[in-house]
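Heads up: the structure comes next, in structure tokens.
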Amino acid sequence: MSLGEFELIGRYFRSMELGNAGGSEHVTLGIGDDAALISMAPDKQLVVSTDTVVLGTHFPPDYIPANLAYRALAAAVSDLAAMGARPLSFTLALTLPEVDETWLQSFAQGLTDAARDHRISLIGGDTTRGPLNINVTVLGEVRPRNVVRRGDAQPGDLLCVGGPLGDGGGGLAVVLGESMPSSVSDAARDYLFQRFWRPLAQCELGLELAGVASAGLDVSDGLIADARHLAEASGVALHIRLADLPCSAALQAWPEAQRMEWMLGGGDDYVLLFTLPVASIRCLEVWASQGFDVTVIGEAVVGSGIWLDDGQELKEKVQPAGYQHFQRKSND
Ligand SMILES: Nc1ncnc2c1ncn2[C@@H]1O[C@H](COP(=O)(O)OP(=O)(O)OP(=O)(O)O)[C@@H](O)[C@H]1O
Ligand SMILES: Cc1ncc(C[n+]2csc(CCOP(=O)(O)O)c2C)c(N)n1
Ligand SMILES: [Mg+2]
Numbered sequence: 001m002s003l004g005e006f007e008l009i010g011r012y013f014r015s016m017e018l019g020n021a022g023g024s025e026h027v028t029l030g031i032g033d034d035a036a037l038i039s040m041a042p043d044k045q046l047v048v049s050t051d052t053v054v055l056g057t058h059f060p061p062d063y064i065p066a067n068l069a070y071r072a073l074a075a076a077v078s079d080l081a082a083m084g085a086r087p088l089s090f091t092l093a094l095t096l097p098e099v100d101e102t103w104l105q106s107f108a109q110g111l112t113d114a115a116r117d118h119r120i121s122l123i124g125g126d127t128t129r130g131p132l133n134i135n136v137t138v139l140g141e142v143r144p145r146n147v148v149r150r151g152d153a154q155p156g157d158l159l160c161v162g163g164p165l166g167d168g169g170g171g172l173a174v175v176l177g178e179s180m181p182s183s184v185s186d187a188a189r190d191y192l193f194q195r196f197w198r199p200l201a202q203c204e205l206g207l208e209l210a211g212v213a214s215a216g217l218d219v220s221d222g223l224i225a226d227a228r229h230l231a232e233a234s235g236v237a238l239h240i241r242l243a244d245l246p247c248s249a250a251l252q253a254w255p256e257a258q259r260m261e262w263m264l265g266g267g268d269d270y271v272l273l274f275t276l277p278v279a280s281i282r283c284l285e286v287w288a289s290q291g292f293d294v295t296v297i298g299e300a301v302v303g304s305g306i307w308l309d310d311g312q313e314l315k316e317k318v319q320p321a322g323y324q325h326f327q328r329k330s331n332d
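This is how it looks when you write it as structure tokens:
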């Protein structure tokens, strides 16, 4: 006989509660009651973000449940990192077509791994029957004066990125089994596969940016689309130097045009994009000495839009507009 809802929760998720993950000291009441209780320090603000992942939209049908769980939690935590927040706890709303214990075992293991890696605790959720759907709501804390928002970049600020771009797009190509240059090594393929399924949200960098970056967000839609979100919210233009965009060694095997397409518009990178006031330029050296992989890729200027500098001229970049779930095709 298959497991009921409560046995399922008890067997696979209750044991994850608190555990050794971070944030557990804030949990006054976790899984089992009608709601969880979180205690907040008086000088902190609660940061909340929710993300849903859907088969076919966010991940392909051929997947390992552990990887799916890892990615769902990491992608959600990335929004906390973007705000300069420390992760505390999360809830999981899981809709499953059936109870498959092999699937659940794997999923719970991937979720446990991601919770450990991001120092965050499961405090509750909801389990229902229906088409597969995974929703993760993350809670974090930040000192109000340190929060990193999208709307406070100023002309003159440096535009920086916290890691390589394009791995999300390259990773999707690998995961989908698309044809690729014969020079792509097994190691490059493995790296990109991992980057797609097991991204690590940049929480430590986010904490460094808290109170220092003038604005920031995480790159989930793609560099151009997310830079545009920041530029529009701040009322500035952003100039981006193409030659300075960082990309992983794994992507080098692909032709320049393909690499550039992924770096500018692939999405799923989960690296932080932020603006740094010139007065804080010394932070770049400190971060480099701490092992953070921050690259200056341009600057904020008076005006609007995203402008690409290819070394010869500056051209406004209108596309791609990012991943829009309900975008109508031009002939619709
Ligand atoms: N159904 C909704 N109701 C209320 N607010 C929403 C809804 N959907 C999205 N939002 C809000 O719109 C803003 C942009 O959402 P979006 O999901 O694009 O965030 P993002 O951080 O840019 O992307 P990602 O979730 O991939 O990191 C967020 O503030 C989000 O809370
Ligand atoms: C099978 C498959 N096809 C395409 C993509 C690419 N993709 C989907 S949604 C998204 C933006 C973030 O979404 P959201 O705004 O919902 O967080 C991106 C880059 C993928 N991951 N899997
Ligand atoms: Mg985001």
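Residue numbering for the sequence shown follows the UniProt record's numbering, starting at 1 and increasing by one per position. Beta carbons are placed, not taken as given, at the ideal position from N, Cα and C, and that holds for glycine. Only a predicted model underlies this, so the values are computations on that prediction, with no experimental measurement involved.
Starting from residue i, trace the beta strand (DSSP E) in both directions and tell me its first and last residue.
i: L96; result: R86 to L96
i: E5; result: Careful: E5 lies outside any beta strand (DSSP E), inside the alpha helix (DSSP H) at E5 to L8.
i: L129; result: A small correction: the amino acid at residue 129 is Arg; Leu does not occupy that position in the sequence shown. Taken as a continuous stretch (DSSP letters only), the beta strand (DSSP E) holding R129 covers S121 to R129.
i: S49; result: Q45 to V53
i: K317; result: Run containing K317: none; DSSP gives neither H nor E here.
i: V138; result: N133 to V142
i: V27; result: V27 to L29
As a quick exercise: from the options, pick the residue whose alpha carbon is nearest that of residue i.
i: L8; options: T128, V53 and G163; result: T128
i: Q105; options: A69, V136 and P97; result: A69
i: A225; options: E5, V175 and K317; result: K317
i: T52; options: A75, N67, D34 and A35; result: A75
i: R11; options: A108, K44 and A66; result: A108
i: G305; options: P199, G163, A41 and A227; result: A227
i: V27; options: M16, A35 and S39; result: S39
i: L158; options: R282, E5 and V175; result: R282
i: D167; options: A188, L242 and E178; result: A188
i: S89; options: L80, A257, H58 and L122; result: L122
i: D244; options: V294, I134 and V148; result: V294
i: R132; options: W307, E232, A300 and P65; result: Residue identity check: residue 132 is Leu in the sequence provided, not Arg. The shortest C-alpha separation from L132 is found at P65.
i: G311; options: H239, Q252 and R116; result: H239
In terms of residues, what are the limits of the alpha helix (DSSP H) holding residue i?
i: I224; result: L223 to S234
i: L209; result: C203 to L209
i: L68; result: P65 to A82
i: D113; result: E101 to H118
Which whole-angstrom value describes the C-beta separation of residue i and residue j, a residue pair presumed to lie in contact below a C-beta threshold of 8 angstroms?
i: A237; j: G303; result: 4 angstroms
i: residue 334; j: S234; result: For residue 334 there is no data in the structure shown, the boundaries of the chain being 1 and 332.
i: P246; j: Q154; result: Between Q154 and P246 the Cβ distance is about 24 angstroms, and since that is not below 8 angstroms, they are no contact.
i: L3; j: V99; result: 5 angstroms
i: F196; j: D268; result: 7 angstroms
i: G298; j: R241; result: 5 angstroms
i: V148; j: F274; result: 7 angstroms
i: L73; j: G125; result: About 12 angstroms; that fails the 8 angstroms criterion.
i: R145; j: G211; result: 7 angstroms
Exercise for review: Say whether the region 179-189 touches the region 285-299, bearing in mind that this needs 3 or more beta-carbon pairs closer than 8 angstroms, one atom from each stretch.
Suggested key: no
Review point. Does the region 135-143 come within contact of the region 258-266, defined as at least 3 CB pairs closer than 8 angstroms?
Key: no
Practice item. Could you tell me which uninterrupted beta strand (DSSP E) segments, each at least 3 residues in length, are contained entirely in the UniProt domain "PurM-like C-terminal" (154-304), listed from first to last along the chain? Key: 158-161, 215-218, 237-241, 272-276 and 295-301
Review point. Can at least three beta-carbon pairs, one atom from the region 25-34 and one from the region 43-60, be found at a separation below 8 angstroms?
Key: No, they do not touch.
Exercise for review: Pair every Cβ in the region 204-213 with every Cβ in the region 80-96, then say whether three or more of these pairs are closer than 8 angstroms.
Suggested key: yes
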